[in-house]
Every structure is written in C-alpha cells, then in structure tokens.
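Here is the structure we will look at.
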C-alpha cells in the first residue's frame with residue numbers, strides 16, 4: 001500500500017503520514033489522486049462489512065468524509081456525531097499530530113456540521129457529559145429498532 005501511494009505522489013521522498021496530510025490538504029491534484037486510489041478500496045470494504053454483518057441487528061461505521069465522498073448511499077441510515085467548534089478544537093489539540101493549518105484545511109474541505117446534521121437521519125451531540133451521551137445512544141438504538 002505504501003509503495004503504491006508513493007508512486008501516486010512522487011513528490012514524497014518516503015512514506016510519512018504528516019507529509020501526506022500536508023500534501024493532500026495543500027494540493028487538490030494530490031488529494032484527488034489519493035481519493036481515486038483509496039475510495040474504490042473503501043467501497044469494497046463497506047460492501048464486505050455489510051455482507052459480514054447482514055445477520056446483525058446493527059452495524060456502525062465511522063466515515064469522516066461520508067457525504068463528501070458520496071458514501072452515504074451505502075448505508076440504510078446516517079448518524080452524525082457532532083459537538084461545538086470549541087470542543088472539536090480541544091480534542092484535536094490533544095493529538096500528537098495536531099497541526100492548526102491542516103486542521104483549518106480539513107474544515108474548509110468538509111461540509112459544515114449544520115449541513116451534516118440536516119442530511120443525517122439521526123444526530124448525536126458528543127459534547128455533553130457521559131450520562132447524556134449514553135441517553136442519546138439509547139434513544140438512537142430504540143429509534144433504529146422500530147425502523
């Protein structure tokens with residue numbers, strides 16, 4: 001996989017996630033090359049995931065660019081997990097790989113949280129205490145069971 005990515009992005013001297021992130025969020029052509037390579041692989045994995053979980057009551061997948069990649073069509077329902085911008089920033093800062101420029105570029109590329117919430121079948125606010133979060137999840141499961 002790494003070798004194939006390096007062939008797609010010859011401007012990289014070696015495989016480094018930070019350098020790849022910097023490149024794809026600053027170069028539309030590089031981002032498109034990576035997407036054209038990765039998206040078909042992800043679609044195959046999603047189809048396999050659905051087959052493997054066909055007898056399960058529920059199956060959940062976390063897809064960061066679900067709408068942007070048009071992957072929502074592979075799911076029966078979409079649950080958007082959201083929180084305030086302040087909390088998003090606090091969570092991002094705690095990551096060892098945090099880079100404010102990349103963070104802002106990602107925000108530019110992504111749909112707004114408001115748009116995602118409007119498109120979703122369900123929404124969960126993760127910017128609350130654990131008890132409230134558990135209540136939201138219990139309600140989600142209850143709502144899914146009746147559909």
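Residue numbers (this note's numbering): 1 to 147. Backbone N, C-alpha and C define an ideal beta-carbon position, used for all residues, glycine too. Quick caveat: nothing in here was measured; it's all calculated off a predicted structure.
Which residues in the same chain as residue i place their Cβ atom closer than 7 Å to its Cβ, once the five residues preceding and following it in sequence are excluded?
{"i": "residue 22", "result": "102"}
{"i": "residue 111", "result": "67, 68"}
{"i": "residue 8", "result": "33, 34, 37"}
{"i": "residue 18", "result": "97"}
For residue i, tell me which candidate among the options has the shortest Cα-Cα distance.
{"i": "residue 147", "options": "68, 12, 134, 121", "result": "121"}
{"i": "residue 86", "options": "126, 132, 29, 38", "result": "126"}
{"i": "residue 104", "options": "25, 8, 10", "result": "25"}
{"i": "residue 40", "options": "58, 98, 136, 74", "result": "74"}
{"i": "residue 106", "options": "89, 117, 119", "result": "89"}
{"i": "residue 116", "options": "63, 55, 10", "result": "63"}
{"i": "residue 31", "options": "109, 2, 142", "result": "109"}
{"i": "residue 144", "options": "10, 56, 28", "result": "56"}
Beta-carbon within less than 6 Å of residue i's beta-carbon, same chain only, minus the 5 sequence neighbours each way: which residues are those?
{"i": "residue 128", "result": "none"}
{"i": "residue 83", "result": "126, 127"}
{"i": "residue 113", "result": "82"}
{"i": "residue 78", "result": "72, 120, 121"}
{"i": "residue 136", "result": "124"}
{"i": "residue 59", "result": "53"}
Take residue i and list the residues in its own chain whose beta-carbon comes closer than 8 Å to its own, dropping the five residues that flank it on each side.
{"i": "residue 6", "result": "12, 14, 15"}
Mapping the DSSP letters down to three states, classify residue i as helix, strand or coil.
{"i": "residue 22", "result": "helix"}
{"i": "residue 43", "result": "helix"}
{"i": "residue 81", "result": "strand"}
{"i": "residue 27", "result": "coil"}
{"i": "residue 55", "result": "coil"}
{"i": "residue 36", "result": "helix"}
{"i": "residue 76", "result": "coil"}
{"i": "residue 63", "result": "coil"}
{"i": "residue 15", "result": "coil"}
{"i": "residue 6", "result": "helix"}
{"i": "residue 70", "result": "coil"}
Using a Cβ-Cβ distance under 8 Å, would residue i count as near chain D?
{"i": "residue 55", "result": "Note that chain D does not occur in the displayed structure, where there is just one protein chain."}
### Query
Any contact of the region 46-63 with the region 89-97, i.e. 3+ C-beta pairs under 8 Å?
Counting Cβ pairs under 8 Å, fewer than three are found: no touch.
### Within the region 86-146, ranges of the alpha helix (DSSP H) (whole runs, at least 4 residues)
List check, alpha helix (DSSP H) in window: 100-109, 113-119, 130-145.
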